[in-house]
Amino acid sequence: MFVSIVNTPLDKPTTSITCRALLFDMDGVLIDSTPAVTRVWTRWAIEHGFDPKQVVAAAHGRPSLSTVREYLPNADAEAENREVERREIEDLDGVVLLPGARELLAALPEDHWTIVTSSTRNLAEVRLRAAGLPIPRRFITATDIVRGKPDPEPYLKAAQLLGFDARDCVVVEDVPAGIRSGMAAGARVIAVPTTVSSHELAKAGADWIVKNCAAISLRGVSGETMVLSIDKI
Numbered sequence: 002m003f004v005s006i007v008n009t010p011l012d013k014p015t016t017s018i019t020c021r022a023l024l025f026d027m028d029g030v031l032i033d034s035t036p037a038v039t040r041v042w043t044r045w046a047i048e049h050g051f052d053p054k055q056v057v058a059a060a061h062g063r064p065s066l067s068t069v070r071e072y073l074p075n076a077d078a079e080a081e082n083r084e085v086e087r088r089e090i091e092d093l094d095g096v097v098l099l100p101g102a103r104e105l106l107a108a109l110p111e112d113h114w115t116i117v118t119s120s121t122r123n124l125a126e127v128r129l130r131a132a133g134l135p136i137p138r139r140f141i142t143a144t145d146i147v148r149g150k151p152d153p154e155p156y157l158k159a160a161q162l163l164g165f166d167a168r169d170c171v172v173v174e175d176v177p178a179g180i181r182s183g184m185a186a187g188a189r190v191i192a193v194p195t196t197v198s199s200h201e202l203a204k205a206g207a208d209w210i211v212k213n214c215a216a217i218s219l220r221g222v223s224g225e226t227m228v229l230s231i232d233k234i
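Residues 2 to 234 in this note's numbering are what the sequence shown spells out, letter by letter.
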């Protein structure tokens, strides 16, 4: 396996990682869309007679179609999902950039990172523009897959898109479903506690936990190998 780890002395939480690509989840990693997600899914849950807290928790980190199918197995899931997507596209209040995201993406070689999101392509592009982040030339959305997170398909396709083996990549995630997806693809996983607790992230199997993207920095590039530093929590 390509990824290697070199720990600094025990009194320092900084770790050096070598990898060929970083694969970023979007919501909760690069941007914060939690207020909008909560509003849209709370309204949807109430309309259909479900517990809003349960539905909002289930919606995080996986395609909205999966959540619709779970709660309305006998409904026209595609039509319901289009309505959810329409509401999410229209509700951008509170969609903001998370610390360190812009700086980290700007520092990385263009062909050595991409985004892997459970949002549809239309929604992802709208949110990235709202947050002022670049839209990758090639990235993976719910529109591009058959099986969403926690299935490994999204991260396997993202690595293939960049021309790398997923085992040579590092995933950056914020929820257990995404962590399991990255691990199942063979990648190592950095997790950020923006959506769930550090304990839950560790329990899901994250290799490293950092506060946010500001704790990840590019130290250098040699050929197709990137050397990163991360400041662990």
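Note that CB positions come from ideal geometry on N, CA and C, so glycine has one too.
Residues bridged to residue i by DSSP?
{"i": "Arg189", "result": "Val171"}
{"i": "Asp33", "result": "Val97"}
{"i": "Thr115", "result": "Leu24"}
How is residue i classed by DSSP in three states: helix, strand or coil?
{"i": "Asp145", "result": "helix"}
{"i": "Val96", "result": "coil"}
{"i": "Asp208", "result": "coil"}
{"i": "Asn82", "result": "helix"}
{"i": "Gly183", "result": "helix"}
{"i": "Ala76", "result": "coil"}
{"i": "Ser198", "result": "coil"}
{"i": "Pro151", "result": "coil"}
{"i": "Val176", "result": "coil"}
Go to residue i, then tell me how far its beta strand (DSSP E) extends in each direction, as first and last residue.
{"i": "Leu24", "result": "22 to 25"}
{"i": "Lys65", "result": "Looking at the sequence shown, residue 65 is not Lys but Ser. First-last for Ser65: 65 to 72, but that is the alpha helix (DSSP H), not the beta strand (DSSP E)."}
{"i": "Arg139", "result": "Where Arg139 is concerned, there is no enclosing beta strand (DSSP E), given that its DSSP letter is neither H nor E."}
{"i": "Leu219", "result": "217 to 223"}
Find out if the Cβ-Cβ distance for the pair residue i, residue j is shorter than 8 Å.
{"i": "Ser182", "j": "Ile234", "result": "no"}
{"i": "Gly179", "j": "Asp26", "result": "yes"}
{"i": "Asp77", "j": "Ala37", "result": "no"}
{"i": "Val1", "j": "Ala159", "result": "There is no way to answer for residue 1, as the model of the chain reaches only from 2 to 234."}
{"i": "Ala59", "j": "Glu48", "result": "no"}
{"i": "Ala203", "j": "Tyr156", "result": "no"}
{"i": "Asp152", "j": "Val30", "result": "no"}
{"i": "Val190", "j": "Asp208", "result": "yes"}
{"i": "Leu99", "j": "Gly133", "result": "no"}
{"i": "Leu219", "j": "Thr115", "result": "no"}
Mind checking which residues open and close the alpha helix (DSSP H) that includes residue i?
{"i": "Val57", "result": "53 to 60"}
{"i": "Leu124", "result": "122 to 132"}
{"i": "Pro155", "result": "154 to 163"}
{"i": "Asp105", "result": "Looking at the sequence shown, residue 105 is not Asp but Leu. Element bounds for Leu105: 102 to 108."}
ask   = Are the region 196 to 210 and the region 80 to 93 touching, with three or more C-beta to C-beta distances below 8 Å?
value = In short, these stretches do not touch, since the Cβ pair count stays below three.
task = Could you tell me whether the region 205 to 218 touches the region 95 to 108, where touching means 3 or more Cβ pairs closer than 8 Å?
result = yes
key: Validate contact between the region 138 to 154 and the region 36 to 56 using beta carbons, cut 8 Å, 3 pairs   = At 8 Å Cβ cutoff, the stretches do not touch.
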